[in-house]
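In the numbering used here, each residue carries its 1-based index in the sequence shown increased by 382.
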Amino acid sequence: MQSANKPATTSSHTIPIDVLVDIIRILLNNHLNWQVEGINEQEGTLLVQISQQQGNPKHQKALQNIIGILGDYNYYFKGSPQDEALDY
Numbered sequence: 383m384q385s386a387n388k389p390a391t392t393s394s395h396t397i398p399i400d401v402l403v404d405i406i407r408i409l410l411n412n413h414l415n416w417q418v419e420g421i422n423e424q425e426g427t428l429l430v431q432i433s434q435q436q437g438n439p440k441h442q443k444a445l446q447n448i449i450g451i452l453g454d455y456n457y458y459f460k461g462s463p464q465d466e467a468l469d470y
């Protein structure tokens, strides 16, 4: 439920299937509006658009948690940028 005096901010995020249930749980528990924009079957990811109410600390914290999960997931599977520079 969006208030007329607080506009919504929309952002898109690529969500791997491996963490999809965790992300959806955060979205539902914090009453964030979201929709699937696209599916990449080869990579096993969904492009999800998330709308948050500006100035709502609960929405901001939820989005920070989602971004944190995605960052941790990418680090786990792809490593840090410095890892690519290493010559094994």
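Just so you know, even glycine gets a beta-carbon here, dropped at the ideal spot from N, CA and C. Every value quoted in this text rests on a predicted model; they were computed, and no experiment measured them.
Proximity to N412 across I448, G453, N422, H441 peaks at H441, based on C-alpha coordinates. In this structure, T396 lies near L429, with their beta-carbon atoms less than 9 Å apart.
If you draw a straight line from the Cα of I421 to the Cα of Y457, it is about 22 Å long.
Residue environment: I432 is assigned as buried (16 or more neighbouring CB atoms within 10 Å of its CB, all protein chains considered). If you draw a straight line from the Cα of N438 to the Cα of L452, it is about 21 Å long.
Assigned with DSSP and collapsed to three states, P398 falls in strand.
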